[in-house]
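Quick note: the sequence shown uses this note's numbering, first residue 2, plus one each step.
Written out below as structure tokens is the structure these notes cover.
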Amino acid sequence: MHEELENFERNHVWDLVEPAPNCRPIGTKWVFKNKQGEDGMVVRNKARLVAQGFYQKEGIDYEETFAPVARLEAIRILLAFAASKGFKLQQMDVKSAFLNGFIEEEQAPRAWYARLKSFLLKSGFVMGSVDKTLFLLSCGGDTLIVQIYVDDIIFGGSSHALVSSFAEQMSRKFEMSLMGELQFFLGL
Numbered sequence: 002m003h004e005e006l007e008n009f010e011r012n013h014v015w016d017l018v019e020p021a022p023n024c025r026p027i028g029t030k031w032v033f034k035n036k037q038g039e040d041g042m043v044v045r046n047k048a049r050l051v052a053q054g055f056y057q058k059e060g061i062d063y064e065e066t067f068a069p070v071a072r073l074e075a076i077r078i079l080l081a082f083a084a085s086k087g088f089k090l091q092q093m094d095v096k097s098a099f100l101n102g103f104i105e106e107e108q109a110p111r112a113w114y115a116r117l118k119s120f121l122l123k124s125g126f127v128m129g130s131v132d133k134t135l136f137l138l139s140c141g142g143d144t145l146i147v148q149i150y151v152d153d154i155i156f157g158g159s160s161h162a163l164v165s166s167f168a169e170q171m172s173r174k175f176e177m178s179l180m181g182e183l184q185f186f187l188g189l
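See below:
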């Protein structure tokens, strides 16, 4: 819980203020989760402070909530493609991803996706026409593929230098946990 509150402070995502007159603040609650490794053993305990968004009213508090999420079929296709090309896939996790979005409405997953998408497109990536969570970069005959699943990212390419450069770029822009070569992802 302490780490989550530190992330709020570090990312400047909240200010403690008195509620405005005739304003009903949205409540919060703590959500706890055990993160498991490929062997099913707990490798980390996580605590997240979340807004009770069910109090929000569509059209008043927000307009849109949808945030793209990769389908498991798309991830399997990526794994097969990478294997056929001999790519060594890497994995990274964005720490406190939902605190990284620039929010116009209080919809953190959507804001996070928009910020990451903007960063990737400005970096020269092309977004998939069918799968909006798949991004491709072609650079001097080499290819880099990036698949996003909320705050987990799988990436690999035909050039070790290109893969390393992407990992460094992401780490400079966002606080990341680089998890190394892909061993286990969403139970696959």
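A virtual CB, placed ideally from N, CA and C, is assigned to each residue, including glycine.
Supposed close pair residue i, residue j - CB separation, criterion 8 Å
| i | j | result |
| --- | --- | --- |
| ILE155 | LEU79 | 7 Å |
| LYS34 | VAL44 | In fact, because the Cβ distance is near 12 Å, the residues do not count as touching under 8 Å. |
| VAL53 | ILE76 | With the sequence shown as reference, residue 53 is identified as Gln, and Val is not the correct amino acid for it. The Cβ separation is near 31 Å, so there is no contact. |
Sub-7 Å separation of residue i and residue j beta-carbons
| i | j | result |
| --- | --- | --- |
| LEU145 | GLY125 | no |
| GLU5 | ALA48 | yes |
| ASP143 | SER160 | yes |
| ALA168 | LEU183 | no |
| LEU135 | GLN148 | yes |
Cross-strand partners of residue i (DSSP beta bridge)
| i | result |
| --- | --- |
| VAL32 | ARG49 |
| GLU182 | GLN91 |
Reduced DSSP category for residue i - H, G, I as helix; E, B as strand; rest coil
| i | result |
| --- | --- |
| GLU19 | coil |
| ILE27 | coil |
| MET171 | helix |
| VAL70 | coil |
| GLU5 | helix |
| PHE82 | helix |
| VAL43 | strand |
| SER160 | coil |
| SER139 | strand |
Interface flag, residue i vs chain B, CB-CB below 7 Å
| i | result |
| --- | --- |
| ARG72 | The structure shown contains no chain B, having only a single protein chain. |
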